[in-house]
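Data block below; observations after.
Residue numbers (this note's numbering): 490 to 754.
Structure follows, in structure tokens:
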């Protein structure tokens, strides 16, 4: 039999490592469509590379300060930033589905600060140990950051407007149409994610008391979430085959045409 403290300590440490990995930060693994572009990581390769250098540089400086028993204000500030960076991941690393993007938003911001430290450290190392001129080095760094920013801006301003269907827009229109057209019959809504019941209540302006009186939630899943199953006459299901016999109308997202549609049985 294992010790639970050893087991959970191992899991948390593993999740910390995953949170710093390029698979999570750069390769879009665990991305969330609400704050991350489709097929795009949370950080660019350049930001990630210099951010890791910045973290290692601060750890090295801190170890030297501890050894010398001298803590300058700069070391204290950077040590505080490192502390904030690590504790900002606590809410993420203790979740079952870690690394968790939504719970790592502060971490993403702080990581960019370490990218600045990494850039400065790299600049001084190259300047002091090579014959490359300052201006040439500055221009090279500027070009590198410009290329990285340009790729993101292209993805955001050019490509993303044609990929917004990943957010399944138009639910407000279809739900109001169905609510008026089929006002006296039960409706089934295909909802694989389990959150459409919240959007339905918002778009139909369901009064809070009515919502809490009629909402039915599913049993908790492995991480304790209880997804919506029923709000009033609207039944939220994962597949068309899950509908009741009384439910002759189904609202479904069509992956081929990329829009919401009404199915009648």
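Note that CB positions come from ideal geometry on N, CA and C, so glycine has one too.
- For residue 493, the uninterrupted alpha helix (DSSP H) run begins and ends at 493 to 508, by DSSP.
- By the criterion of a C-beta distance shorter than 8 Å, residue 724 is surrounded in its chain by 675, 676, 677, 678, 718, 732, 733 and 736, once the five residues flanking it on both sides are discounted.
- With the rule of 3 Cβ pairs closer than 8 Å, the region 547 to 556 does not count as touching the region 660 to 672.
- Along the length of the region 591 to 655, whole alpha helix (DSSP H) runs at least 4 residues long occupy 594 to 618 and 623 to 643, reported in chain order.
- Annotation: residue 624 to residue 539 spans about 20 Å, alpha carbon to alpha carbon.
- Beyond the five residues adjoining it in sequence on each side, residue 626 comes within less than 8 Å, by CB distance, of 612, 615 and 616 in the same chain, given in chain order.
- Take the alpha-carbon of residue 667 and the one of residue 515: they are about 41 Å apart.
- If you look at residue 704, you'll find it isn't in any alpha helix (DSSP H); DSSP assigns it neither H nor E.
- For residue 550, the enclosing alpha helix (DSSP H) has its first and last residue at 534 to 557.
- Sequence-distant Cβ neighbours of residue 634 in its own chain, meaning closer than 7 Å and more than five residues away, are 535.
- Listed as beta-bridge partners of residue 719 by DSSP are 705 and 724.
- Here residue 563 carries a helix assignment [DSSP, helix/strand/coil].
- With fewer than 16 neighbouring CB atoms inside 10 Å of its own CB, residue 622 falls in the exposed class.
- Membership of residue 583 in any beta strand (DSSP E) is not indicated, and neither H nor E is assigned to it by DSSP.
- Residue pairing from DSSP leaves residue 747 without any beta-bridge partner.
- Taking 4 residues as the shortest admissible run, the region 658 to 690 contains the following complete alpha helix (DSSP H) segments, listed from N- to C-terminal end: 660 to 670.
- By the Cβ neighbour-count rule, residue 629 is exposed, with fewer than 16 other Cβ atoms within 10 Å of its own.
- The distance from the Cβ of residue 704 to that of residue 720 is about 5 Å, consistent with a contact at the 8 Å cut-off.
- The three-state secondary structure of residue 515, taken from DSSP, is coil.
- Sorting 555, 605, 594 and 554 by C-alpha distance to the C-alpha of residue 537 places 605 at the top.
- Residue state for residue 695 is assigned as coil, using DSSP reduced to three classes.
- Exposure of residue 506 is indicated by the presence of fewer than 16 other C-beta atoms within 10 angstroms of its C-beta.
- Taking the C-beta atoms as reference points, residue 569 is found no nearer than 8 Å to residue 596.
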